[in-house]
Amino acid sequence: MKPILFVTATAKEMKAALGGVCKLPRLEQGKPVEFMFGDRPGLLLVTGIGVINTSFALGRALAGNDVGVVVLAGIAGTFNADRFPLCSACVVRKEIWPEYGLKKGDQVDPKGLGFSLSEIDGQPVWNEVELSSGKSLFESGLDRFEKLPEAVSLTVSGVTATAEEAAAYVDEYGADLENMEGFAAAYVCALVGVGLCQVRTVSNLVGSRDSNDWDLRGALAELGRVCSALVR
């Protein structure tokens, strides 16, 4: 099989995901480094936070390396604490970028400008990209993630800080999670024809700054439990 490109936004997430079961090489933002996932070769990449860092670092890494699949791992906020409670894990089946398009009051029309982001396989891409999930995970050699529940995620540049804004996002998009890199990674991978598996663990309730609605340490620990299976 071709190599795995394993991606996180931060070195902290990379160390949480894989560092608990093996020694990691020196990590530097934007620079992929070689790594072995058991007997399968791979690369580790810390992109930096947000869509700009992710697009640049991942695009450059894919241009210079022939990989079989990309795994994006990290923490995320939950809109639905009943289905995705703190410290739970999931795979993202669809990414939505709610900030692209023509802004009308509190809503954004992705088709309002009349320009799609691009076309892939003859279809315009507006503000949604599908990711690898279900059967495609097995075909990519990532069957360890196949049984995780699937989620729909929003990618934002500004973290949602109020319950009212969170409720508006749920009403508009029916999203389960919020993160800051997923759409960028999904879009880049779709453009070059490489599958993306995105694994997220829940660190907080979207829209709340109350410490009772956050468990960053627990989410990072769960990220390690889920992702360490790749190197065992």
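Under UniProt numbering, residues 1 to 232 are what the sequence shown spells out, in order. By construction, the Cβ of each residue, glycine as well, lies at the ideal position given by its N, Cα and C atoms. Owing to the predicted nature of the structure, the values given are computational and were not obtained by experimental measurement.
V194 (DSSP reduced to helix, strand or coil): In the sequence shown, residue 194 corresponds to position 194, counting from 1. Of the three classes helix, strand and coil, the one that applies to V194 here is coil, per DSSP.
Compute the Euclidean distance between the alpha carbons of D109 and K103, then round it to the nearest angstrom. Sequence index remark: in the sequence shown, residue 109 carries index 109 (1-based). Sequence index remark: in the sequence shown, residue 103 carries index 103 (1-based). About 6 angstroms.
Please work out which residues of its chain come closer than 8 angstroms, Cβ to Cβ, to G101, disregarding the five sequence neighbours upstream and downstream, and give them in chain order. Walking along the sequence shown from the start, residue 101 turns up at place 101. Counting only Cβ-Cβ distances below 8 angstroms, and skipping sequence neighbours, we find V108, D109, P110, K111, G112, L113, W126, N127.
Less than 6 angstroms between C-beta atoms, sequence neighbours within five positions excluded: which residues of the same chain meet that for S181?
Walking along the sequence shown from the start, residue 181 turns up at place 181. Per the sequence shown, residue 181 should be read as Glu rather than Ser. Excluding residues within five positions, the ones whose Cβ falls inside 6 angstroms are A9, T54.
For T162, count neighbouring C-beta atoms within 10 Å of its own C-beta (all shown protein chains included) and say buried if the count is 16 or more, exposed if not. Taking the sequence shown and counting its residues from 1, one reaches residue 162 at position 162. Looking at its Cβ environment, which holds fewer than 16 other Cβ atoms inside 10 Å, T162 is exposed.
### Message
Is the separation between the beta-carbon of V70 and that of C197 shorter than 9 angstroms?
### Response
As a working mapping, residue 70 is identified with position 70 in the sequence shown. As a working mapping, residue 197 is identified with position 197 in the sequence shown. C197 sits close to V70, with the two beta carbons spaced by under 9 angstroms.
Could you please give the first and the last residue of the uninterrupted alpha helix (DSSP H) stretch that includes V226? Indexing the sequence shown from 1 puts residue 226 at position 226. V226 -> alpha helix (DSSP H) spans 216–227.
TODO: Find the nearest neighbour of A17 within the set G224, V231, A229, judged by alpha-carbon distance.
DONE: Translated into the one-based positions of the sequence shown, residue 17 becomes position 17. Across the set G224, V231, A229, the C-alpha of G224 shows the shortest separation from the C-alpha of A17.
- Based on the DSSP secondary-structure assignment, which residues constitute the bridge partners of E95? Position 95 of the sequence shown, counting from 1, holds the residue named residue 95. Paired residues: V129, S153.
Determine whether the beta carbon atoms of V199 and C22 lie at a separation below 9 angstroms. Numbered from its first residue, the sequence shown carries residue 199 at position 199. Numbered from its first residue, the sequence shown carries residue 22 at position 22. Going by C-beta atoms, V199 is not nearer than 9 angstroms to C22.
inquiry  = For the segment 34–44 against the segment 73–91, do three or more pairs of beta-carbon atoms, one drawn from each stretch, fall closer than 8 angstroms, so that the two count as touching?
reply    = No, the segment 34–44 does not touch the segment 73–91.
K147 burial status per 10 Å Cβ neighbour count (16 or more: buried)
Stepping through the sequence shown from its first residue, residue 147 is reached at position 147. When all chains shown are included, K147 counts as exposed.
Review point. What residues are listed by DSSP as bridge partners for F115?
Key: As a working note, residue 115 is residue 115 in the sequence shown. None, per the DSSP bridge assignment.
If you follow the beta strand (DSSP E) that T10 is in, where does it begin and where does it stop? Indexing the sequence shown from 1 puts residue 10 at position 10. Counting along the chain, T10 falls outside any beta strand (DSSP E), and DSSP gives it neither H nor E.
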